Structures are given as C-alpha cells and as structure tokens.
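See below for the structure under consideration.
There are 2 protein chains.
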Amino acid sequence: MPETIIDFYKPSDKMYVATDCLIFGFDEGQLKLLVFKRRVEPRRGEWSLIGSFVNLDEDVEVAAKRVLAEITGLENVFMEQLGAYGAAGRDPGYRTISIVQYALIRINDYDKKLVESHGAHWFDINEVPELVLDHDKMFAHGLEKLRRKARYQPIGFELLPEKFTIPQLQKLYEVIYQKELDGRNFRKKLLSLNVLIKLNEKDKSTSRRGAFLYKFDYKKYQQLLKSGYNFEIT
Amino acid sequence: MPETIIDFYKPSDKMYVATDCLIFGFDEGQLKLLVFKRRVEPRRGEWSLIGSFVNLDEDVEVAAKRVLAEITGLENVFMEQLGAYGAAGRDPGYRTISIVQYALIRINDYDKKLVESHGAHWFDINEVPELVLDHDKMFAHGLEKLRRKARYQPIGFELLPEKFTIPQLQKLYEVIYQKELDGRNFRKKLLSLNVLIKLNEKDKSTSRRGAFLYKFDYKKYQQLLKSGYNFEIT
DNA sequence: GATAATAAATGTAAAAATTACATTAATAAT
DNA sequence: ATTATTAATGTAATTTTTACATTTATTATC
C-alpha cells in the first residue's frame, strides 16, 4: 500500500503559496481588467496580475482581500475563488502554488491614486497584453467563469454603481456576452425577475430624456432564492 | 507602498500542499461518495476524504490522479478541481493548503479489492458520516457543484456505464436533482439534444421487455458546442 | 399456448417563455 | 416651435416546457 496517501502527519515537502487576483471593472461601456506592470527586476516591464504570498497565519481568502485592499483601497468587494494553479513548473523560480480569486469592483469607487502608485492599469478585456507566467491562463479562465456565472447569478450588479439604468445594465450584459441584446426584451425580462427597485430619479448623462435609475434588491433576491426562484439572463 | 505584494522573488513562508479527492459514484439507484476510514493514529477510526501531499516536482493535478489511481486502480477518469481550502487553522497540525478535486467514476470499473484494502467505503450521499477537518465542507461544496454542473454539462454520463438505458439516466438525474422527473418529457428532452446513439441492444436486467441501450456521442457533442449548442437538462 | 404482470415506449394539447419587431415619449439644444 | 436623441412601451408568432394516459414487448406462470 502506498505510503504517500493520507499521511497528514508525515508531510513531505513545503511549497510557497501565493494568491493572485483578477480584478474586473466596467467602465465606458467596456469590461476591463486591472493589471500590474512590474517595476523591479527580474521581469521588469512585464504585465501580471496582482498578488502576494500568503502568510503562515493567514487564511488564503484574507490574503486575497488584503491584496485587493492594498491596491485599490476597497473592502467588502465581491470576490470568489477561481481555483488553484499548481503546475510544477509554473514559476521558474520557486515551486509556488497560486490560488486565484476574481473580484468585481465598481470602477468609480476605488482609490485611483493608490492604484496608479502600484503601476496598475485597466485594459479592455479584448486588449489585455500578454501576462507573465500562467497569468494568461488565469485570465482566460476567469473571463469564462464570469461569462458563465453572469447568466445564472446576479453578479453583474457588482460591476455597476448602486444606482444604475436599464440601458447601462443592458450594455454590461452585451459586453459580457459579446452580443447585442434587444432592448425591449431585455427590459421586459429584467423587470419580470422582480429584483429591481425603480427609483424616482433619472440619470441624464446619456440622453436628454434621462433614464430612470434602479437598485438591485438583494434582500428580495435572497428571499426568492429560498422558494425555488431561478435567476437567468439570456 | 506595501512590501508584501508581487514580490515573487522574496517569498516568505512555505506551507504544506495537499490534494483531497471527492469520489462520486452511482450504484443501485443511489449517488454515492467514497470515503476512507483512518486506520492509524491519530484520529484512528475517523472518516475522511482520500488525499495526499503534493510532491515538490509534481503538478497538483497529477498528484490528484496519482491518488485516485492508487486507491481505485482507475486512470482516465473525469476529474475537475473544486477549489483550494486554505483557512489558516484548517489543519490543527501543520499549516496545510488542500486543493480539492472531484472525480466521477463508473462504479463497476474500479478495483474493489484495492479500494477495500485502503479502508474505503461507499456511502449514499444522504448518509455520509461526519468527516475529519474541513472535509464536510468540501463534500457539501462538491455536491452543490455536481448538482449545478449536471444541468449544463453532460457529466452525468461519467457516472454511468458506457452503455446505459434512458430509465437509468433518468434515475441518475432524479437522485442528482432530488426530484422525480416525468419519463415521457425526460426521454423527449434527452433525445432532442441529439447526442445519444441508440444501440441495437437491450438491457433486460430490470424488465421483461428490456430497455434499449444508448451511448453518449462525445464527438457530436464537441462539434455541436462549436456552433452555439446549449446542453441543458432540467 | 393463453393469460398475467411489468417496465418501456410513445403522442398530444395547454401553458409558459422567448423572440421578433415599430412606434411613441420625454427632454434639452437650437 | 422645431429638431435631435435616447428611453420606454406592446403585441403577435414561435418555441419550449409541462401535464397527462395508453399501448408495446417480453417473460413467467397457469
């Protein structure tokens, strides 16, 4: 019987454990990723995701939130694990496992000075430059996951301001799904989900007429979920 | 500027990296999980998932497949990452990150002697005993993921023999979804997906009349995917 | 060899959801 | 008052999903 299995108290080798973060934002009608330009050698000038090693006494999740807060000044942000990247040769230096998270942030909320000070830049997801190590793969997987998930869970709202208009929301889904949606059907569908609160305010930044602002009703959504409710946006 | 971030070449602390595996099977009309009873101290007699430490020169994924092969004798099995479990206090011994995979196996294929020799047992998913450490949480998450995923991806077939009948397939989806399905609508739906190959053979083990055997057409499925095909079983 | 028993297989109508599509409404600028 | 522009609305056709009952193939038994 192999000796390597289930032997929690005779562990063999230690490795470095890092966490990297895909930070998505929505701005100017585009879905964007925040990437970081290395300003130190080696690999100076290469683009990469933002990350950190995980401290010995620190939850992986806490480490990820620490990084995000240090970079953007944001706390209480939507963040979820994408997965662990653990190929033996993924980092040519030391053997390092990276646990990747993706975060969705409201692009107007973050601390722009802080972000700039870290050499970070937003790229349209269609124009993200080549990234260091296996970060390209992480990005590709994260984008896929975001696209899949947006369909069945109300994560899109994490990318919009708290108050948003239906046309804004539609544009967001259009860039996520990479296809045009019919305005009438989209509005009908969204309103039929019963989780939008119409406000008595308009956003006039994009039209003379102005568009009504809405909020997403998290409470209602949670309630509905309990009774077999199905959120889906096609 | 914080010193802890993106400093890949001044890593701080090493940790143990393990991989644990949720092994699902379908037998006697029940969805089952393979769990392992510790036969050595400490924690002798406690149930846990099957796992191993990851070797320094080994991909995490390879480690997981190694474990699965050592335990079941199976290779080329459906396996996917569930995620990394990295709470600082999850293992009271050493700081260990566990990367959890879930595997779907054909319950008639595995090496029963080998499995028994490792003190492993199949439990109906509704009767899984308390598991060691955070393995309960892993199991709960894995089951959720399996349920979600079964709906939009043809993973159910991984749990059935290569040749299966429609009623078998229906029963599988019934136990995954925990609800009864209408036989006529289920059959209609499945056949309309155009990815089942009807064979000229019957399985007579459950009825006098016998039920036709089918195979899942992976090639066709892959082709269809490319042209915007939507697999969904409700 | 007729009959009984049993699970497999099939069809159709009603209801619900999705799609396609064109016009009117509100407002600010000229 | 007119123009320009985006927001907002409704309806009919199509597709998908649901609900529901009978016939078919076969083996065992009388």
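Chains as they are written, first to last, in our numbering: chain A, 115 to 348; chain B, 115 to 348.
A virtual CB, placed ideally from N, CA and C, is assigned to each residue, including glycine.
Quick caveat: nothing in here was measured; it's all calculated off a predicted structure.
Backbone CA spacing between residue i and residue j [nearest angstrom]
i: E194/A; j: G139/A; result: 15 Å
i: D121/A; j: L163/B; result: Confidence at D121/A is low in this model, with a pLDDT of 47, below 50, so its placement is unreliable and no value can be given for it.
i: E172/B; j: A201/A; result: 7 Å
i: Y287/B; j: K333/A; result: 31 Å
i: I211/A; j: Y199/A; result: 6 Å
i: P116/B; j: E184/A; result: Confidence in P116/B is poor, its pLDDT being 36 and thus under 50, which makes the residue's placement unreliable; the coordinate value appears in the next sentence. Rounded to whole angstroms, P116/B to E184/A spans 7 Å at the Cα level.
i: V214/B; j: S341/A; result: 30 Å
i: K259/A; j: L196/A; result: 8 Å
i: T118/A; j: D248/A; result: Residue placement at T118/A cannot be trusted, given a pLDDT of 41 that sits under 50; what the coordinates show is reported in the next sentence. When rounded, the distance between both Cα atoms is 28 Å.
i: P275/B; j: L228/B; result: 20 Å
i: K128/A; j: R153/A; result: 29 Å
i: I137/B; j: R265/A; result: 29 Å
i: G256/A; j: F278/A; result: 25 Å
i: V174/B; j: E155/A; result: 29 Å
i: V131/A; j: F345/B; result: 37 Å
i: R262/A; j: P281/B; result: 30 Å
i: V149/B; j: V149/A; result: 42 Å
i: T348/A; j: Q267/A; result: 11 Å
i: D246/B; j: Y216/A; result: Note that residue 246/B is Val in the sequence shown, not Asp. Cα to Cα, the separation comes out at about 29 Å.
i: L218/A; j: K251/B; result: 25 Å
i: G270/B; j: L182/A; result: 38 Å
i: S306/B; j: E230/A; result: 53 Å
i: V191/B; j: I221/B; result: 11 Å
i: N314/B; j: V289/B; result: 27 Å
i: P206/B; j: F167/B; result: 16 Å
i: K151/A; j: W161/A; result: 5 Å
i: Y343/B; j: K316/B; result: 30 Å
Exposure of residue i, with buried meaning 16 or more beta-carbon neighbours within 10 Å
i: T133/B; result: buried
i: E272/A; result: buried
i: Q336/B; result: exposed
i: K226/A; result: exposed
i: L339/B; result: exposed
i: S126/A; result: exposed
i: G165/B; result: buried
i: L170/B; result: exposed
i: D141/A; result: exposed
i: A254/B; result: exposed
i: G203/A; result: exposed
i: T320/A; result: exposed
i: K146/B; result: buried
i: G324/B; result: exposed
i: Y208/A; result: exposed
i: R298/A; result: exposed
i: R157/B; result: exposed
i: D223/A; result: exposed
i: G159/B; result: exposed
i: G143/A; result: exposed
i: K285/A; result: buried
i: R322/A; result: exposed
Span of the beta strand (DSSP E) around residue i
i: E315/B; result: 310-317
i: A325/A; result: 325-330
i: Q195/B; result: 192-199
i: V154/A; result: No beta strand (DSSP E) contains V154/A, which DSSP labels as neither H nor E.
i: I221/A; result: Where I221/A is concerned, there is no enclosing beta strand (DSSP E), given that its DSSP letter is neither H nor E.
i: T133/A; result: 128-141
i: S166/A; result: 164-167
Delimiting residues of the alpha helix (DSSP H) encompassing residue i
i: S306/A; result: 297-306
i: M184/A; result: Here residue 184/A turns out to be Glu, not Met, going by the sequence shown. Note, E184/A: alpha helix (DSSP H), 174-186.
Residue i CB to nearest heavy atom of the ligand SAM below 7 Å
i: I221/A; result: With respect to small molecules bound, the structure shown includes none, and the ligand SAM cannot be examined in it.
**Asked** At a cut of 8 Å, does the segment 285-300 of chain B reach the segment 173-193 of chain B through at least three beta carbon pairs?
**Response** Not touching, per the Cβ criterion.
**Asked** Along the chain, which unbroken stretches of the alpha helix (DSSP H) at least 4 residues long are found entirely within the segment 226-290 of chain B?
**Response** DSSP runs (the alpha helix (DSSP H)) wholly in the segment 226-290 of chain B: 226-231, 249-266.
**Prompt:** Do the segment 296-309 of chain B and the segment 241-259 of chain B make contact, defined as three or more Cβ pairs closer than 8 Å?
**Reply:** The segment 296-309 of chain B vs the segment 241-259 of chain B: no contact.
**Request:** May I ask you to verify whether the segment 223-237 of chain B touches the segment 185-192 of chain B, counting CB pairs closer than 8 Å and requiring at least 3?
**Result:** The answer is yes - the segment 185-192 of chain B touches the segment 223-237 of chain B, with three or more Cβ pairs under 8 Å.
**Asked** Does the segment 305-312 of chain B come close enough to the segment 323-332 of chain B to have 3 or more Cβ pairs within less than 8 Å?
**Response** Touching, per the Cβ criterion.
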